[in-house]
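In this text, residue positions in the sequence shown follow our numbering: the first is 35, and each later residue adds one.
No residue lacks a Cβ here, since even glycine has one placed at the ideal position from N, Cα and C.
All values reported here derive from a predicted model rather than from experimental measurement.
The structure under discussion appears below in the form of structure tokens.
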Amino acid sequence: MTAHDSWAKIYDRAYKESFGSFYKEFTELTLKVIQEETAQGLKVIDFGAGTGRLTLPLSELGFEMTAVDASLEMCKELQSKDIKKKINIHNEFIENFISNERYDFALCVFSVLTYITDEQTLNKALSNLKECLHSGGLILMDIPLPGAFKGLTYKSETLHRDVIVDKQNDVFNYRESIDILNENNWINYSDEFKIRCWQPDLVLNKMKQLGFNIQKDLSERFIGTGALYFLFKLN
Ligand SMILES: C[S@@+](CC[C@H](N)C(=O)[O-])C[C@H]1O[C@@H](n2cnc3c(N)ncnc32)[C@H](O)[C@@H]1O
């Protein structure tokens, strides 16, 4: 089982409720930045797309969307929400994703890189991101900062969410336990996986070596997300 598989069905509800208005504002900001940086109708690939927080609205806005996600269950959720069947969905790890298609714009945001916990896999994943882009193509990527690697407790009348993050050097053990009220029944979901806090300089150097330049450092605009945000351009 891959991270998120066990609770993909309730992922949207758990995130929307426990992150409150921040989630909506952060999503709106991300969509605004993407629209500022790319022209409508272009081909966009969303790496670690999840249930389509960004893929779905971008598809509605007229972008030609491709989504890649390691979790089969997250892909199924996205598929069920793609009523018009316009999105190309690939259940694959970024580090294994090979495509003959070339895209104008790529996304790899909301902690996706942290799920990769060894450097060899990170190298493969970043190299695959590059291979998917046209020369001159752009990628929006976040690099979560150490402060983002912390637990969470959220309790409402319909949702209890406990996230415990244990530090083991650079790699953290992430444990999620969710109790959610569904038609008078409380249902429990749990998940456990590793995440890694990557040093920003290490990721930035790897991107540079691959031929990416920082087009814009957007970290100030995304302040409060606990991550640095960069728009890279492929030479
Ligand atoms: C926190 S969610 C973010 C989803 C989406 N990017 C967003 O902005 O809402 C992280 C997603 O990354 C996916 N993921 C993690 N590691 C991955 C990998 N190596 N390849 C592809 N997807 C991955 C997970 O399955 C999960 O759906």
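Query: From the DSSP secondary-structure annotation, give me the bridge partner or partners of D200.; Result: N207
Query: Can you give me the start and stop residues for the alpha helix (DSSP H) that E98 sits inside?; Result: Where E98 is concerned, there is no enclosing alpha helix (DSSP H), although the beta strand (DSSP E) it sits in stretches over E98 to D103.
Query: Whether or not the region 135 to 144 and the region 69 to 78 are in contact is what I'm after, with contact meaning three or more pairs of Cβ atoms, one per stretch, closer than 8 Å; do they touch?; Result: yes
Query: Return yes when the Cβ of L92 is within less than 8 Å of the Cβ of I68, no when it is not.; Result: yes
Query: Could you name the residues of the same chain whose beta carbon sits closer than 6 Å to that of Y208, not counting the 5 residues immediately before and after it, in chain order?; Result: V199, F227 and I229
Query: What do you reckon, is the C-beta of G260 under 7 Å from a heavy atom of ligand 1?; Result: no
Query: For a test of your reading of the model: does the CB of T151 fall under 7 Å from any non-hydrogen atom of ligand 1? Yes or no.; Result: no
Query: Run through DSSP, which three-state label would D39 get?; Result: helix
Query: In angstroms with no decimal places, state the Cα-to-Cα distance between E191 and Y49.; Result: 15 Å
Query: Contact between the region 175 to 192 and the region 102 to 115: three or more CB pairs below 8 Å?; Result: no
Query: In angstroms with no decimal places, state the Cα-to-Cα distance between E153 and F183.; Result: 19 Å
Query: For the alpha helix (DSSP H) that contains P91, what are its first and last residues?; Result: T89 to E94
Query: Going by alpha carbons, who is nearest to M293 out of L244, L236 and I44?; Result: Any question about residue 293 goes unanswered here, given that the chain covers just 35 to 269.
Query: Buried or exposed: W232, going by 16 or more other Cβ atoms within 10 Å of its Cβ?; Result: buried
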